[in-house]
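The structure under discussion appears below in the form of structure tokens.
Protein chains: 2
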Amino acid sequence: MARTTGSHSDITGPKVREAALRLFAQNGFAAVSMRAIASEVGVQAGALYNYTPDKQTLLFNLLCTHMEQLLAAFTDDTSLAPVDRLRRFVDFHIRFHADRPDEVFISYMELRNLSPENFSAVEALRRQYEDRLQAILQSGADAGEFDIADTKIATLAVIAMLTGVNTWFRVGGRLSLDQVIAQYWDMVRKSVMSG
Amino acid sequence: MARTTGSHSDITGPKVREAALRLFAQNGFAAVSMRAIASEVGVQAGALYNYTPDKQTLLFNLLCTHMEQLLAAFTDDTSLAPVDRLRRFVDFHIRFHADRPDEVFISYMELRNLSPENFSAVEALRRQYEDRLQAILQSGADAGEFDIADTKIATLAVIAMLTGVNTWFRVGGRLSLDQVIAQYWDMVRKSVMSG
Numbered sequence: 001m002a003r004t005t006g007s008h009s010d011i012t013g014p015k016v017r018e019a020a021l022r023l024f025a026q027n028g029f030a031a032v033s034m035r036a037i038a039s040e041v042g043v044q045a046g047a048l049y050n051y052t053p054d055k056q057t058l059l060f061n062l063l064c065t066h067m068e069q070l071l072a073a074f075t076d077d078t079s080l081a082p083v084d085r086l087r088r089f090v091d092f093h094i095r096f097h098a099d100r101p102d103e104v105f106i107s108y109m110e111l112r113n114l115s116p117e118n119f120s121a122v123e124a125l126r127r128q129y130e131d132r133l134q135a136i137l138q139s140g141a142d143a144g145e146f147d148i149a150d151t152k153i154a155t156l157a158v159i160a161m162l163t164g165v166n167t168w169f170r171v172g173g174r175l176s177l178d179q180v181i182a183q184y185w186d187m188v189r190k191s192v193m194s195g
Numbered sequence: 001m002a003r004t005t006g007s008h009s010d011i012t013g014p015k016v017r018e019a020a021l022r023l024f025a026q027n028g029f030a031a032v033s034m035r036a037i038a039s040e041v042g043v044q045a046g047a048l049y050n051y052t053p054d055k056q057t058l059l060f061n062l063l064c065t066h067m068e069q070l071l072a073a074f075t076d077d078t079s080l081a082p083v084d085r086l087r088r089f090v091d092f093h094i095r096f097h098a099d100r101p102d103e104v105f106i107s108y109m110e111l112r113n114l115s116p117e118n119f120s121a122v123e124a125l126r127r128q129y130e131d132r133l134q135a136i137l138q139s140g141a142d143a144g145e146f147d148i149a150d151t152k153i154a155t156l157a158v159i160a161m162l163t164g165v166n167t168w169f170r171v172g173g174r175l176s177l178d179q180v181i182a183q184y185w186d187m188v189r190k191s192v193m194s195g
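Residue numbers (UniProt numbering), protein chains in the order written: chain A, 1 to 195; chain B, 1 to 195.
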């Protein structure tokens, strides 16, 4: 095994994250040892500690990075009509998540394995993302275009529906991602529209 | 510890299932040993094997029992109009799942820890449940009351939305379960209705 690849943490870092992500998604956080991650990267277990103080920090970094990339990737355009802002959100959310099955999977599965303080930090990032959808729904409700009893509940309902695509969608399956997005958009649009 | 409680598997069985459910939900399947389950029940580790051959079988039984109870609890009434059958399904699904947070949690979290053959068995039960909703949606589509591009996709979308309630709903929170159900029903109804 190439011990020398462990000598520069700027090279090893991305490899460690990739290996940890793959192994956590396959086997679960609790079942994966630092030794197993080191072996997957091709370094001695001790070399991992140049990059991360412990497995908890590694998990936290993976979940934070995922949420930060999500927040960086979606920019709302408030000059558009609420229905068009919502359409952009639905399209973005499904595509972004379909592209990152392992990240999405561990973001749901391993939340319970975060320390309380790390959990709070990831939850705060999630809330930021939810707030962006809620702002869109609220703008449509304020304009009388949407009919929504409670925009917070509607936000959680729409996000759960859209993220659910990841549990069954497979490239090359019966429907293309574009077809899936078209049907989800139709359902989401109707679910919030006024009478 | 009361070793005598382990002497009759008909008494210990429910206690073992309850303890395993609680511990799997709290710590995850991979992190829970048979010894820990025995300790929670108050029997020697060896006594557990009178009840279950291994941890895998215990998990499988928990997940199967949950799905079998779900299937037994919901009876569709095909004499009703499609919209009323759908309303009954939405009300039932949210209430049944809200009552069983641990069962629902491990049913999602621990699917990956089932052996391939046990996974297939649980998946088949899930599909039976999904088929019942799909039959309702199809009847509404056939009658021209619902406008749904693909009833299978709509089934998965509605179930994901409804089950999502479990990730955030807490008794005593801002909204009652009845209020939550009312809003989800409004969204589901609109999402499938003809324009």
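Ideal placement from N, C-alpha and C gives every residue a C-beta, glycine not left out.
Chain B within 8 Å of residue 178 of chain A, Cβ atoms only: Chain B places no beta carbon closer than 8 Å to that of residue 178 of chain A, leaving this residue out of the contacts.
Within-8 Å CB hit, residue 39 of chain B to chain A: Using beta-carbon distances, residue 39 of chain B does not count as an interface residue toward chain A, since no partner is under 8 Å.
DSSP bridge partner residues for residue 146 of chain B (one or two, in chain order): Bridge partners of residue 146 of chain B according to DSSP: B/193.
When A/160, A/159, A/137 are compared against residue 149 of chain A, the one with the closest alpha-carbon: For the residues A/160, A/159, A/137, the minimum Cα distance to residue 149 of chain A belongs to A/137.
Minimum Cβ-Cβ distance from residue 94 of chain B to chain A less than 8 Å: False, the Cβ-Cβ gap to chain A never drops below 8 Å.
Neighbour flag for residue 153 of chain A against chain E, beta carbons, 8 Å: Checking the listed chains, one finds no chain E in this structure; the protein chains it contains are A and B.
Contact set for residue 76 of chain A: own chain, Cβ-Cβ below 8 Å, skip 5 residues either direction: Once the five neighbours on either side are set aside, the close Cβ partners of residue 76 of chain A are 85, 88, 89, 132, 135, 136.
Chain A within 8 Å of residue 5 of chain B, Cβ atoms only: Confidence at residue 5 of chain B is low in this model, with a pLDDT of 45, below 50, so the placement of that residue should be treated as unreliable; the coordinate-derived value is given next. False, the Cβ-Cβ gap to chain A never drops below 8 Å.
Distance, residue 28 of chain A Cα to residue 154 of chain A Cα: Going by the C-alpha atoms only, they are around 31 Å apart.
Uninterrupted alpha helix (DSSP H) stretches inside the region 116-174 of chain B (no shorter than 4 residues): Taking only runs of at least 4 residues, the alpha helix (DSSP H) segments lying wholly in the region 116-174 of chain B are 116-142, 151-163.
Test: residue 190 of chain B CB closer than 8 Å to a CB of chain A: Taking Cβ atoms only, chain A reaches closer than 8 Å to residue 190 of chain B, which makes this a yes.
Proximal chain B residues relative to residue 138 of chain A, where beta-carbon distance stays under 8 Å: Simply none; closest approach about 15 Å.
Separation of residue 62 of chain A from residue 119 of chain A, as counted between CA atoms: Answer to the nearest angstrom: the Cα atoms are 12 Å apart.
Boundaries of the alpha helix (DSSP H) in which residue 95 of chain A is found, first to last residue: Residues 82-98.
Test: residue 17 of chain A CB closer than 8 Å to a CB of chain B: Not closer than 8 Å to any Cβ of chain B, the Cβ of residue 17 of chain A fails to qualify, so no.
Alpha carbon of residue 192 of chain B to alpha carbon of residue 146 of chain B, nearest angstrom: One C-alpha to the other measures close to 5 Å.
Residue 161 of chain A versus residue 157 of chain B - alpha carbon distance: Looking at the two C-alpha atoms, the distance is approximately 5 Å.
Uninterrupted alpha helix (DSSP H) stretches inside the UniProt DNA-binding region "H-T-H motif" (33-52) of chain A (no shorter than 4 residues): Listed in chain order, they are 34-41, 45-48.
Among A/26, A/20, A/32, nearest to residue 41 of chain A - alpha-carbon criterion: Residue 41 of chain A has its Cα closest to that of A/20, out of A/26, A/20, A/32.
Option in A/92, A/106, A/165 with minimal Cα separation from residue 152 of chain B: Of the listed residues, the one whose Cα sits closest to residue 152 of chain B is A/165.
Where residue 131 of chain A meets chain B, residues with beta-carbon distance less than 9 Å: In chain order: nothing, as chain B lies at least about 15 Å away.
Residues from the region 149-175 of chain A in contact with chain B, defined by Cβ distance under 9 Å: Listed by position, the residues of the region 149-175 of chain A near chain B (Cβ gap below 9 Å) are 149, 150, 152, 153, 154, 156, 157, 158, 159, 160, 161, 162, 163, 164, 165, 167, 168, 174, 175.
Nearest-angstrom Cβ-Cβ length linking residue 144 of chain A and residue 194 of chain A, presumed shorter than 8 Å: Indeed they touch by this definition, with Cβ atoms about 7 Å apart.
Distance, residue 110 of chain B Cα to residue 26 of chain B Cα: Near 12 Å, if we compare the C-alpha coordinates of residue 110 of chain B and residue 26 of chain B.
Alpha carbon of residue 56 of chain A to alpha carbon of residue 113 of chain A, nearest angstrom: One Cα belongs to residue 56 of chain A, the other to residue 113 of chain A, and the distance between them is close to 8 Å.
Neighbour flag for residue 186 of chain B against chain A, beta carbons, 8 Å: Yes - at least one Cβ of chain A is within 8 Å of the one on residue 186 of chain B.
Residue nearest to residue 104 of chain A in terms of C-alpha spacing, selected from A/177, A/44, A/22, A/128: The option with the nearest alpha carbon to residue 104 of chain A is A/22.
Residue 39 of chain A versus residue 82 of chain B - alpha carbon distance: Their backbone Cα atoms lie some 56 Å apart in a straight line.
Distance, residue 58 of chain A Cα to residue 17 of chain A Cα: Answer to the nearest angstrom: the Cα atoms are 7 Å apart.
Contact with chain B by residue 28 of chain A, beta-carbon distance below 8 Å: With its beta carbon less than 8 Å from one in chain B, residue 28 of chain A belongs to the interface.
Closer than 8 Å at the beta carbon, the chain B residues around residue 34 of chain A: The CB of residue 34 of chain A never comes closer than 8 Å to any CB in chain B; the least such distance is about 16 Å.
Rounded straight-line distance, which links the Cα of residue 182 of chain B to that of residue 72 of chain B: Going from the Cα of residue 72 of chain B to the Cα of residue 182 of chain B covers about 24 Å.
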